[in-house]
Amino acid sequence: MSQQFYVSPEQLMKDRADFARKGIGRGRSVVAVQYADGILFVSENPSQALHKVSEIYDRIAFAAVGRYNEFENLRIAGVRLADMRGYAYDRRDVTGRGLANAYAQTLGTIFSSGGEKPYEVEIFVAEVGDTVEDDQIFRLTYDGQVADEHGFAVMGGQVEPVAASLTAADVSGAPLERALREAVIALGRSESGDRVIATTDLEVAVLDRTRTQTRKFSRLSPARLDELLGDRGDADPASAVGGGPATRRSGRGGATAPTVDDPADPTDQVSGAVAPLEHPTTGEPPVAPPND
Numbered sequence: 001m002s003q004q005f006y007v008s009p010e011q012l013m014k015d016r017a018d019f020a021r022k023g024i025g026r027g028r029s030v031v032a033v034q035y036a037d038g039i040l041f042v043s044e045n046p047s048q049a050l051h052k053v054s055e056i057y058d059r060i061a062f063a064a065v066g067r068y069n070e071f072e073n074l075r076i077a078g079v080r081l082a083d084m085r086g087y088a089y090d091r092r093d094v095t096g097r098g099l100a101n102a103y104a105q106t107l108g109t110i111f112s113s114g115g116e117k118p119y120e121v122e123i124f125v126a127e128v129g130d131t132v133e134d135d136q137i138f139r140l141t142y143d144g145q146v147a148d149e150h151g152f153a154v155m156g157g158q159v160e161p162v163a164a165s166l167t168a169a170d171v172s173g174a175p176l177e178r179a180l181r182e183a184v185i186a187l188g189r190s191e192s193g194d195r196v197i198a199t200t201d202l203e204v205a206v207l208d209r210t211r212t213q214t215r216k217f218s219r220l221s222p223a224r225l226d227e228l229l230g231d232r233g234d235a236d237p238a239s240a241v242g243g244g245p246a247t248r249r250s251g252r253g254g255a256t257a258p259t260v261d262d263p264a265d266p267t268d269q270v271s272g273a274v275a276p277l278e279h280p281t282t283g284e285p286p287v288a289p290p291n292d
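At position 183 of the sequence shown (counting the first as 1) the number is 183 in the numbering used here, and the numbers step up by one without a gap.
Structure follows, in C-alpha cells:
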C-alpha cells in the first residue's frame, strides 16, 4: 500500500508564494502616481489590444501585471460586481474599497486552495475623489494581501529601481506633465542600465477629477504623450514586439539593455489594432450612461 507524500503547510505556502512571485517578476512594471488632478497610470506595454490598465466604474480604475488571462478574469468580475451593485443600490455605493475587499477574498481563497495553482498577478484598484486627500490606491498581491498606497506605487518587474527613481523625484501632487515624465523615466530604470521607452510602447491612462463627465477614466493617445513628454532622445525602434531578441538604447551613454520576451505576460508580446468595442479615439470601453 502506497503512502501519501507529506509536505508541511509552511513549505507548501512558501512554494506557492515563490511560484507566484517568479511569474509576476517576469512581467513589466506598472506605476500609479497621485498627481494634482487625479491618479496617473503608466506601464510599458507594446500591445494596443491587450490592456494592463482599464476602467471598472465611474471613478474606479484597475491595473495589473502578470498573466493576462488571469487578471482579465479578475477585471471582468470587478466590472460585473460594480455594475450589479450600482444597479441594485446606487452608483455612489460602488467604491474602490469594496472592490479591493472582494478581490482580496478571491485571491486569498485561490492562493490557500490546494486544488489549483495561485494566480500570478498583482493588481491596483484606484478611486479618484473630489480632492487629493480623497484619492485611494489599493495594491493587492497574489495571496490576497491589501495595502493602502499613498503618493505612488509600483508593481511587477524590477520594482526597486523604479520606486527609487520616483522617490527621488517626489512626484506626489505634481502636474500631469511632470508626473508623467518622471514615471516614464522611472520605468526605464533597471539594474542593467537606463533606457528610453518609445511612446508607442507606453500605455497611459488617468482618473481625472476635473472631467465634467461622470466617468473620470481616460486614456492618453500617442499624440498626447508626445506633446506631454517632449524630446526625450532616441528610442530604438528595434524594441518593438516581434523579430526576436532586441535591445533598447539607454538614456545614458548609449548603453543598451536587452528586452525580455515574457511568456507570463502576453501584453509584452502581442500587438494589434485598437481593442474591439472601444472608442477609436479615446480608447474608452462601452459603459452604460448613468441613470438620471
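Cβ atoms here follow ideal geometry from the backbone N, Cα and C, with glycine treated the same way. Just so you know, these numbers come straight off a predicted model, no measurement behind them.
Mind checking whether L50 and Y68 have CB atoms under 8 Å apart? For this step, residue 50 is matched to residue 50 along the sequence shown. For this step, residue 68 is matched to residue 68 along the sequence shown. Result yes, Cβ atoms of L50 and Y68 sit closer than 8 Å.
So is E182 buried or exposed if we call it buried at 16+ other beta carbons inside 10 Å? Position 182 of the sequence shown holds residue 182. Classification of E182: buried, given that the 10 Å Cβ count is 16 or more.
Can the beta-carbon of G108 be found closer than 8 Å to that of Q136? The sequence position of residue 108 within the sequence shown is 108, counting from 1. The sequence position of residue 136 within the sequence shown is 136, counting from 1. No.
Could you check which residue in L140, S172 and D134 has the C-alpha nearest to that of F152? Along the sequence shown, one-based indexing puts residue 152 at 152. When only C-alpha atoms are compared, the closest one is S172.
Please state whether DSSP places I197 in a helix, a strand or coil. Counting from one through the sequence shown, the residue named residue 197 turns up at place 197. When DSSP states are grouped into helix, strand and coil, I197 belongs to the coil group.
Cutting at 8 Å between CB atoms, please list the residues of its own chain near R189, excluding the five before and the five after it. Numbered from 1 along the sequence shown, position 189 holds the residue referred to as residue 189. Cβ within range, chain order: Q158, P161, V162, A164 and S165.
S43 and R28 closer than 8 Å at C-beta: For the purposes of this step, residue 43 is identified with residue 43 of the sequence shown, where counting begins at 1. For the purposes of this step, residue 28 is identified with residue 28 of the sequence shown, where counting begins at 1. Their beta carbons are under 8 Å apart, which means S43 touches R28 by this criterion.
Can you tell which of S221, Y119 and V33 has its C-alpha closest to the C-alpha of L176? As a first step, residue 176 is located in the sequence shown; it is residue number 176 there, counting from the start. Nearest to L176 by alpha-carbon distance, out of S221, Y119 and V33, is V33.
With V60 and V121 assumed to form a contact (beta carbons below 8 Å), what rounded beta-carbon distance in angstroms separates them? Within the sequence shown, numbered from 1, the residue matching residue 60 stands at position 60. Within the sequence shown, numbered from 1, the residue matching residue 121 stands at position 121. The residue asked about is misnamed: residue 60 is Ile in this sequence, not Val. With a Cβ gap of about 18 Å, I60 and V121 do not count as contacting.
If you reduce the DSSP assignment to three classes, tell me which class V7 lands in. Counting from one through the sequence shown, the residue named residue 7 turns up at place 7. Collapsing the DSSP output to three states places V7 in coil.
Closest to F124 by CA distance: which of R232, D148 and A20 is it? Sequence index remark: in the sequence shown, residue 124 carries index 124 (1-based). Closest in C-alpha terms to F124, from the list R232, D148 and A20, comes D148.
Specify whether the segment 205-217 and the segment 52-66 touch according to this definition: at least 3 beta carbon pairs, one from each stretch, less than 8 Å apart. Counting C-beta pairs with one atom in each stretch, the segment 205-217 and the segment 52-66 have three or more that are closer than 8 Å, which means they touch.
Ranges of the alpha helix (DSSP H) found wholly within the segment 49-88, counting only runs of at least 4: As far as the segment 49-88 is concerned, its whole alpha helix (DSSP H) runs of at least 4 residues are 68-88.
V79 and G156 - do their beta-carbons sit closer together than 8 Å? Residue mapping note: residue 156 aligns to position 156 of the sequence shown, counting from 1. Residue mapping note: residue 79 aligns to position 79 of the sequence shown, counting from 1. Not in contact: G156 and V79 (Cβ atoms no closer than 8 Å).
Residue from E72, T106, A63 and R195 with nearest C-alpha to R219: Here residue 219 is taken as the residue at index 219 of the sequence shown, counted from 1. For R219, the closest alpha carbon among the candidates E72, T106, A63 and R195 is that of A63.
Helix, strand or coil for A20, going by three-state DSSP, please let me know. As a first step, residue 20 must be located in the sequence shown, where it is residue number 20. In this structure, A20 counts as helix in the three-state DSSP scheme.
Rounded to whole angstroms, what is the Cα-Cα separation between D15 and R211? Stepping through the sequence shown from its first residue, residue 15 is reached at position 15. Stepping through the sequence shown from its first residue, residue 211 is reached at position 211. So the two alpha carbons sit approximately 46 Å from each other.
Taking the beta carbon of F5 as the centre, do at least 16 other beta carbons fall within 10 Å, making it buried, or is it exposed? On the sequence shown, residue 5 is found 5 positions in, with the first residue counted as 1. The Cβ neighbour count for F5, taken over all protein chains shown within 10 Å, is under 16; the residue is labelled exposed.
Could you pull the DSSP bridge partners for Y315 from this structure? Look at the range of the chain in this structure, 1 to 292, and you will see that residue 315 is not part of it.
Assigned exposure category for E70 - 16 Cβ within 10 Å defines buried: Here residue 70 refers to the residue found at position 70 of the sequence shown. By the neighbour-count rule (16 or more Cβ atoms within 10 Å), E70 is buried.
Would you mind giving the Cβ-Cβ distance between A17 and A174, rounded to the nearest angstrom? I have them listed as a contact below 8 Å. Translated into the one-based positions of the sequence shown, residue 17 becomes position 17. Translated into the one-based positions of the sequence shown, residue 174 becomes position 174. About 35 Å separates the beta carbons of A17 and A174, which is beyond the 8 Å limit, so they are not a contact pair.
Rounded Cβ spacing between F300 and A100 (contact assumed at less than 8 Å): Residue 300 lies beyond the residue range present for the chain, which begins at 1 and ends at 292; the question has no answer from this structure.
Looking only at DSSP bridge pairs, what is S165 linked to? For the purposes of this step, residue 165 is taken as residue 165 along the sequence shown, with counting starting at 1. Note: S165 is not bridge-paired with any residue in the DSSP secondary-structure output.
Using a Cβ-Cβ cut-off of 7 Å (strictly less than) and excluding sequence neighbours within five positions of E191, which residues of its own chain qualify? Locating residue 191 in the sequence shown gives position 191, counting from the first residue. So the qualifying residues of the chain are Q158 and P161.
Please report the Cβ distance between Y142 and A20, rounded to the nearest whole angstrom; I am assuming they are in contact, meaning their Cβ atoms lie under 8 Å. Taking the sequence shown and counting its residues from 1, the one referred to as residue 142 is at position 142. Taking the sequence shown and counting its residues from 1, the one referred to as residue 20 is at position 20. Confirmed, Cβ separation roughly 4 Å.
Please list, in chain order, all residues of the same chain as V132 whose beta carbon is under 8 Å from its beta carbon, the five residues on each side excluded. Walking along the sequence shown from the start, residue 132 turns up at place 132. Cβ neighbours of V132 beyond the five flanking positions: Q34, A36 and G173.
Going along the chain, which residues of its own chain have a beta-carbon closer than 8 Å to the beta-carbon of E116, five neighbours each way excluded? Taking the sequence shown and counting its residues from 1, one reaches residue 116 at position 116. Contacts found: I110.
In whole angstroms, what separates the C-alpha of G209 from that of R92? Within the sequence shown, the letter at position 209 stands for residue 209. Within the sequence shown, the letter at position 92 stands for residue 92. Per the sequence shown, the amino acid found at residue 209 is Arg instead of Gly. R92 has its alpha-carbon roughly 15 Å from the corresponding atom of R209.
From the DSSP secondary-structure annotation, give me the bridge partner or partners of I137. Here residue 137 is taken as the residue at index 137 of the sequence shown, counted from 1. I137 is bridged to A126 and E149.
If you measure between the beta carbons of G144 and A104, is that distance less than 8 Å? For the purposes of this step, residue 144 is taken as the residue at position 144 of the sequence shown. For the purposes of this step, residue 104 is taken as the residue at position 104 of the sequence shown. Taking 8 Å as the cut-off, the beta carbon of G144 is found closer than this to the beta carbon of A104.
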